[in-house]
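Using mature numbering (1 follows the signal peptide of the UniProt record, and there is no 0), the letters of the sequence shown correspond one by one to residues -22 to -1, 1 to 465.
Have a look at the structure below, then the notes.
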Amino acid sequence: MKASTWSLCTLLCLYTWGQSEGYSRGPTLNRVRRAPEETDEDKGPKKCSYTFLVPEQKITGPICASRGSSLPDKDRVTRMDIADVRELLTKQRREMDTLRLVVDVDGNMVNEMKLLRKESRNMNSRVTQLYMQLLHEIIRKRDNSLELAQLEGRILNATAEALRLSARYKELEARFSALAAVVNNQSVLIGALEERCLQVYGNRRHEPPAPPLVQVVPENIPVSVPRLSNEIQRDHSRSISRERGSRAGPAPTGSTLDIKRPPQGNFSSEGPYRDCLQAMQAGHATSGMFLLKPDGTERPVQAWCEHDMDNGGWTVIQRRKDGSVNFFRNWENYKKGFGHIDGEHWLGLENIYNLAKQGDYKLLVEMEDWMEKKVYAAYSSFHLEPESESYRLRLGTYQGNAGDSLTSHNGKQFTTLDRDKDAFSGNCAHFHKGGWWYNACGQTNLNGVWYAGGVYRSKFQDGIFWADYGGGFYSMKGVRMLIRPID
Ligand SMILES: [Ca+2]
């Protein structure tokens, strides 16, 4: 802008100076005007002209114009110049406006650019976030696949272990069979040696042949191989064990069922009832001792009623649990009953006969091995024939998981040491150490000797055995025989 002003000023000065020199050198502004002709004629034919090229500059400041006692030509030139300059100014103002507009537009564009940049930054951060999520997801999946692989490894290990245990179990089973065979052989050997001894020392007396042994390795083997033990829990049982060596056999115990025992704990003084089902129906829902008086009998009998299983109403007719009662007894004892109602006992053949003849009864045999596994054998019907028939056993069909070892005794009479009703040439009660419905002699005797530990070693199978569960040389830890009217 200053440059433009300066140019104009220079122009005006030069013009003024040209006038003052009398156009001696004939300076002319070719754009503006020429000097009057009379002046040119005065000067003669010699003419000289200058051309000033004024750059087009924007003029915004004041324009220097000389006034005063100037010539009319000078005034005219100046006015025209001013008009030119104004036009120039207007033009430049327009340009300025245009530029301002451009600047405004540029400003908007800048703002837009800023917004776009901001948006871009947001997008970038969002993309980064998504990328991190993706990365995290990939890592997580990789971890999952690692865990899956570990789990698969564990399953494979467990399977291998199971196979190994299965093989081990089979091996132990084979060893058990071998040991059982050894036990059998040893029993036979002991018998032979004993016989030899008697022959040598001339002490031999007449001895009835032993009954055949039942199977030693049954279908059902108790959960694990139990320890081999011949320990008998109670002293009186040990005396039986000692007496086993003598050929005469032990004398049976004489005491009968302890009915005079003072009532305690679970004893109910109400009743008597015809059986435990009636006691339960009379409102006694708790298991315990009750007085029962079966139809047609004169004296009540104490019995244990089991109400905590299978709808209740069960009458216990026999129980073994700890070897506290000797079961090697005579006919009279087995007829009347013996033992303790809240512990080991035999309810008595006459009582059982009287109870079961009242209606249709069923029998349940509960057994527990030395691994505390419980099994059972149920018979759809049960009753005994009268004493004149030696309380012959009458059973229905079997159902259960212990195996059916009692059906072979069905229809057999009861045998005790002093009353031989079995099909064997000798007395089964003598070999099996307890009264039972023997055949010759049979697959089970739940009134035998209570041996601790399960497997026992004896010349005869005189434990509490159930051949289909554990075999003839496995003595059960616990047994209960219960009867109940059929629903
Ligand atoms: Ca016999």
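Heads up, the beta-carbon is just placed ideally off N, CA and C, and yes, glycines get one too.
These figures come from a predicted structure and were not determined experimentally.
* Asked: Hey, is phenylalanine 451 close to ligand 1, as in C-beta under 6 Å from one of its heavy atoms?
  -> By 1-based counting over the sequence shown, the position of residue 451 is 473. In terms of side-chain proximity, the C-beta atom of phenylalanine 451 is found no nearer than 6 Å to any non-hydrogen atom of ligand 1.
* Beta-carbon proximity check, threonine 394 vs glycine 381, cutoff 7 Å -> Counted from its first residue, the sequence shown places residue 394 at position 416. Counted from its first residue, the sequence shown places residue 381 at position 403. Result no, Cβ atoms of threonine 394 and glycine 381 do not sit closer than 7 Å.
* **Classification of arginine 9 by the beta-carbon crowding that lies within 10 angstroms, buried from 16 upward** => Reading the sequence shown from its first residue, position 31 is the one you call residue 9. Residue confidence for arginine 9 is low, a pLDDT of 43 falling below 50, so the modelled location carries little weight; the figure read from the coordinates is stated next. Around the C-beta of arginine 9, fewer than 16 other C-beta atoms lie within 10 Å, and the residue is accordingly described as exposed.
* Asked: What residues sit near ligand 1, counting only those whose C-beta is closer than 5 Å to one of its heavy atoms, in chain order?
  -> Counting every residue whose Cβ lies closer than 5 Å to a heavy atom of ligand 1, we get Asp398, Asp400, Phe402.
* Asked: Roughly how many angstroms lie between the CA atoms of threonine 464 and glycine 291, to the nearest whole one?
  -> Here residue 464 refers to the residue found at position 486 when the sequence shown is read from its first residue. Here residue 291 refers to the residue found at position 313 when the sequence shown is read from its first residue. In the sequence on display, residue 464 carries isoleucine and not threonine. Near 11 Å, if we compare the C-alpha coordinates of glycine 291 and isoleucine 464.
* Element boundaries [beta strand (DSSP E), containing leucine 384] -> Taking the first residue of the sequence shown as 1, we reach residue 384 at position 406. It is not in any beta strand (DSSP E) - leucine 384 carries neither H nor E in the DSSP assignment.
* Given a threshold of 16 other Cβ atoms within 10 Å of its Cβ, counted over all protein chains shown, does isoleucine 461 qualify as buried or as exposed? -> By one-based count along the sequence shown, residue 461 stands at place 483. Isoleucine 461 sits buried, since 16 or more C-beta atoms from the chains shown fall within 10 Å of its C-beta.
* To do: Mark aspartate 347 as exposed unless 16 or more other C-beta atoms lie within 10 angstroms of its C-beta, in which case mark it buried.
  => Working through the sequence shown from its first residue, we reach residue 347 at position 369. Buried, because 16 or more other Cβ atoms sit within 10 Å of the Cβ of aspartate 347.
* To do: Classify alanine 445 as buried or exposed, calling it buried when 16 or more other Cβ atoms lie within 10 Å of its own Cβ.
  => Counting from one through the sequence shown, the residue named residue 445 turns up at place 467. Looking at its Cβ environment, which holds 16 or more other Cβ atoms inside 10 Å, alanine 445 is buried.
* If you pair each beta-carbon of the segment 322 to 330 with each one of the segment 269 to 287, do three or more pairs fall below 8 Å? -> Below 8 Å, enough C-beta pairs join the segment 322 to 330 and the segment 269 to 287 to call them touching: three or more.
* With a cut-off of 8 Å, do at least 3 Cβ pairs link the segment 336 to 343 to the segment 352 to 360? -> With the cut-off at 8 Å, the segment 336 to 343 and the segment 352 to 360 touch.
* Given glycine 169, which residues of its chain have a CB within under 7 Å of its CB, disregarding the five upstream and five downstream residues? -> Stepping through the sequence shown from its first residue, residue 169 is reached at position 191. In chain order, Lys437 place their CB closer than 7 Å to the CB of glycine 169, counting only its own chain and leaving out the 5 sequence neighbours on each side.
* To do: With a cut-off of 8 Å on the beta carbons, I'd call glutamate 365 and lysine 313 a contact; round off their distance for me.
  => Within the sequence shown, the letter at position 387 stands for residue 365. Within the sequence shown, the letter at position 335 stands for residue 313. Indeed they touch by this definition, with Cβ atoms about 7 Å apart.
* Asked: Can you tell me whether DSSP reads glycine 85 as helix, strand or coil?
  -> If you number the sequence shown from 1, residue 85 lands on position 107. In the structure shown, the three-state DSSP call for glycine 85 is helix.
* Asked: Considering only residues of the same chain and omitting the five flanking positions on each side of methionine 258, which have a CB-CB separation below 6 Å?
  -> By 1-based counting over the sequence shown, the position of residue 258 is 280. Excluding the 5 residues flanking it on each side, methionine 258 has same chain C-beta neighbours closer than 6 Å at His285, Gly290, Gly291, in chain order.
* Asked: Helix, strand or coil for serine 359 per DSSP?
  -> Within the sequence shown, residue 359 is the residue found at index 381, counting from 1. Residue state, collapsed to three classes: strand.
* Drop a sphere of 10 angstroms on the beta-carbon of glutamine 377, count the other beta-carbons inside from all chains shown, and report buried for 16 or more, exposed for fewer. => By 1-based counting over the sequence shown, the position of residue 377 is 399. Glutamine 377 comes out exposed.
* Nearest to valine 161 (by Cα), restricted to the options Ser302, Leu150, Val433, Met459 -> The residue given as residue 161 occupies position 183 in the sequence shown. Selected option, being the one with the closest Cα: Val433.
* Mind checking asparagine 100: buried by the 16 CB within 10 Å criterion, or exposed? -> Stepping through the sequence shown from its first residue, residue 100 is reached at position 122. Asparagine 100 is classed as exposed because its beta carbon has fewer than 16 other beta carbons within 10 Å across all chains shown.
* Could you spell out the range, first to last residue, of the alpha helix (DSSP H) harbouring tyrosine 331? => Looking up residue 331 in the sequence shown gives position 353. For tyrosine 331, the uninterrupted alpha helix (DSSP H) run begins and ends at 327 to 334, by DSSP.
* To do: Grab me the residues of lysine 411's own chain with a C-beta within less than 7 Å of its C-beta, minus the 5 sequence neighbours each way, in chain order.
  => Residue numbering aside, residue 411 sits at position 433 when the sequence shown is read from its first letter. Cβ-Cβ distances below 7 Å link lysine 411 to Ile218, Phe306, Gly426, Val427, Asp440 in the same chain, with the five nearest sequence neighbours on each side left out; the list follows chain order.
* Asked: Whole beta strand (DSSP E) runs in the segment 289 to 328 with 3 or more residues, listed along the chain?
  -> Entirely contained in the segment 289 to 328, the beta strand (DSSP E) runs reaching 3 residues are, in chain order, 292 to 298.
* Within 7 Å, strictly: CB atoms of glycine 315 and valine 303 -> Numbered from 1 along the sequence shown, position 337 holds the residue referred to as residue 315. Numbered from 1 along the sequence shown, position 325 holds the residue referred to as residue 303. No, the pair does not count as a contact, with Cβ atoms beyond the cut-off.
* **Among Val63, Gly404, Leu424, Arg72, nearest to glycine 456 - alpha-carbon criterion** => By one-based count along the sequence shown, residue 456 stands at place 478. Ranking Val63, Gly404, Leu424, Arg72 by Cα distance to glycine 456 puts Leu424 first.
* To do: Kindly list the residues whose CB is nearer than 6 Å to the CB of aspartate 84, restricted to its own chain and excluding five residues on each side of it in sequence; keep chain order.
  => Position 106 of the sequence shown, counted from the start, is the residue given in the question as residue 84. Excluding residues within five positions, none has a Cβ falling inside 6 Å.
* For lysine 340, does the three-state DSSP call read helix, strand or coil? -> The sequence position of residue 340 within the sequence shown is 362, counting from 1. The answer is strand: DSSP assigns lysine 340 an E or B state.
* At which residues does the beta strand (DSSP E) containing alanine 281 begin and terminate? -> Along the sequence shown, one-based indexing puts residue 281 at 303. Segment 279 to 284, the beta strand (DSSP E) holding alanine 281.
* Quick one, which of Arg298, Asp121, Phe392 has its alpha-carbon nearest tyrosine 429's? -> Translated into positions along the sequence shown, residue 429 becomes position 451. When each option's Cα is compared against that of tyrosine 429, the closest is Arg298.
* Can you check DSSP and say which residues form a bridge with arginine 458? => Counted from its first residue, the sequence shown places residue 458 at position 480. Arginine 458 pairs with Arg297, Glu344.
* Contact set for glutamine 164: own chain, Cβ-Cβ below 6 Å, skip 5 residues either direction -> Here residue 164 corresponds to residue number 186 of the sequence shown, with the count starting at 1. Once the five neighbours on either side are set aside, glutamine 164 has no close Cβ partner at all.
* CA-CA distance, lysine 352 and tyrosine 452? -> Position 374 of the sequence shown, counting from 1, holds the residue named residue 352. Position 474 of the sequence shown, counting from 1, holds the residue named residue 452. When rounded, the distance between both Cα atoms is 14 Å.
* Expressed to the nearest angstrom, what Euclidean distance is found between the alpha-carbon atoms of methionine 398 and leucine 171? -> Walking along the sequence shown from the start, residue 398 turns up at place 420. Walking along the sequence shown from the start, residue 171 turns up at place 193. This sequence places aspartate at residue 398; methionine is not what is there. Between aspartate 398 and leucine 171, the alpha-carbon positions lie close to 28 Å from each other.
* To do: Kindly indicate the opening and closing residues of the alpha helix (DSSP H) around tyrosine 259.
  => Position 281 of the sequence shown, counted from the first residue, corresponds to residue 259. It is glutamine, not tyrosine, that sits at residue 259 in the sequence shown. Counting along the chain, the alpha helix (DSSP H) containing glutamine 259 begins and ends at 254 to 259.
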